[in-house]
Amino acid sequence: MLVVNPDTPSHDTWALVPKPDPEPGAREVIVDVAAAGVNRADLLQVAGSYPPPPGAPSWPGLEVSGTVSAVGPGSRWQVGDEVVALVEGGGYATRVLVPDAQVLPAPHGVPLVDAAALPEAVCTLWSTLGAARLTAGEWLLVHGGSGGIGTVAIQLATAMGVHVATTAGGPDRTARCAELGAELAIDHRSADLASEVHRVAPDGVDVILDVLGAGSLATNLSCLAVEGRLAIIGLQQGSRAELDLGLLLSRRLTVLATTLRSRPRTQKAEIVAGVAEHVWPLVESGQVRPVVHDRVPLAEAAHAHRRLASGEVFGSLVLVP
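Numbering (UniProt numbering), first residue to last: 1 to 321.
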């Protein structure tokens, strides 16, 4: 098989290098990759600030779609099944090894290539919004609604009966977020976030899905309703900030943080099972769809990373071998 080697001494391209084909063990499958999703976590890994967990491949890639080409003993999948998979690393390749329990059937009505943009987003969202106890009728504020996770979050929350507010950069991007279901789409470049939030939700929002981290902490807390929950899944604006504990006490606020990649396989299996039961029907009904900005050749993975870092991408990029 071929894999992307980000250690290639060039800023323009990364080499595709051969690696031995993996062999499936018990309750594992080999997937011939149709596409691999590109995530900001991949950019962090290449920059050296988000190393893969022990035992995972050293090259990037957290989600793939493709066709099962081999199965290990006890697998519930069959050769020829079209699937999507949540992987611990190594998705930027022509072939991947995946635990059975981290595989989902490719959703009907979604092109197999585009489906590669779903596993990481839906698993992150299902686990995070569950931890935040988000329920129908509440308000959710999604930071970065034009991103890969944000575009899915807007659709998923809307399908759950949740009122969605979101942020994005520029009128074109906010308009597209509104088309996905956001009742309020705020241009973070020109609008005051707290004022806009309280205009539609006078008491504040119930849950905030935050990819920014430290830089938005004070503003986020000011946007929360009594007993509101701030769920942090990213640190794009830093990891250290001063926290007013008195504010948390007086308004009974919760600050929580979740990750997906570093969880043990048992927890990932539970998350994938929850997605299969609760989210996959929404995907197959068309209520939740991957928003794919572009399909990029695997050999141009470095270019895909630069595009994602630039902020030009609306939704996701996928790499195609």
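Ideal Cβ placement from N, Cα and C applies to all residues, glycine included.
Three-state secondary structure (DSSP) of residue i
i, result
"A85", "strand"
"A73", "The sequence shown places Pro at residue 73, rather than the Ala named in the question. Residue state, collapsed to three classes: coil."
"E28", "strand"
"D210", "strand"
"P105", "strand"
"V255", "strand"
"V197", "helix"
"S146", "coil"
"T67", "strand"
"V226", "strand"
"L2", "strand"
"I154", "helix"
"G246", "helix"
"E23", "coil"
Integer Cβ distance of residue i from residue j, believed to fall under 8 Å
i, j, result
"G274", "W77", "Not a contact, Cβ separation roughly 19 Å."
"L104", "A299", "Not a contact, Cβ separation roughly 27 Å."
"R289", "V38", "Not confirmed; about 18 Å, so no contact."
"A116", "V84", "7 Å"
"A182", "A165", "7 Å"
"L235", "G204", "Contact doesn't hold; Cβ gap of about 23 Å is too wide."
"T151", "V291", "4 Å"
"L129", "I30", "At roughly 32 Å, the Cβ-Cβ gap does not stay under 8 Å, so L129 and I30 are not in contact."
Alpha-carbon to alpha-carbon, residue j and residue i
i, j, result
"D244", "W59", "40 Å"
"G66", "A56", "19 Å"
"G170", "C223", "21 Å"
"R40", "A47", "11 Å"
"V318", "G246", "44 Å"
"L118", "L217", "28 Å"
"R229", "G72", "42 Å"
"residue 363", "P297", "In the structure as shown, the chain starts at 1 and stops at 321, and residue 363 therefore has no counterpart that could be examined."
"V79", "R95", "14 Å"
"T174", "T167", "7 Å"
"L248", "T254", "7 Å"
"E196", "G238", "24 Å"
"V4", "Y92", "6 Å"
"I149", "D210", "11 Å"
"E82", "E63", "14 Å"
"P20", "P53", "20 Å"
"T259", "P51", "14 Å"
"A194", "W139", "14 Å"
"A225", "K268", "31 Å"
"T266", "A26", "15 Å"
"W14", "H293", "21 Å"
"A101", "A191", "44 Å"
"I233", "V142", "11 Å"
Range covered by the beta strand (DSSP E) that runs through residue i
i, result
"H293", "V292 to P297"
"R95", "R95 to P99"
"V272", "From DSSP, V272 is part of no beta strand (DSSP E) but of the alpha helix (DSSP H) over R265 to G274."
Residue interval of the alpha helix (DSSP H) (run including residue i)
i, result
"I220", "The sequence shown places Asn at residue 220, not Ile. L217 to C223 is the span of the alpha helix (DSSP H), which, as asked, contains N220."
"D172", "P171 to L180"
"V283", "W280 to E284"
"W14", "Unbroken run through W14: none, as it is neither H nor E."
"W126", "P119 to A131"
"S316", "Premise fails: S316 lies in the beta strand (DSSP E), S316 to V320, not in any alpha helix (DSSP H)."
"A302", "A301 to S310"
"L43", "R40 to V46"
Per DSSP, the bridge partner or partners of residue i
i, result
"I186", "T167"
"W139", "H163"
"V113", "None, per the DSSP bridge assignment."
"residue 327", "No answer is possible for residue 327: it lies beyond the span of the chain, which begins at 1 and ends at 321."
"I232", "D210 and A257"
"A36", "V64 and L319"
The ligand ADP heavy atom lying under 6 Å from the CB of residue i
i, result
"R176", "As far as ligands go, the structure on display features none, and thus does not contain the ligand ADP."
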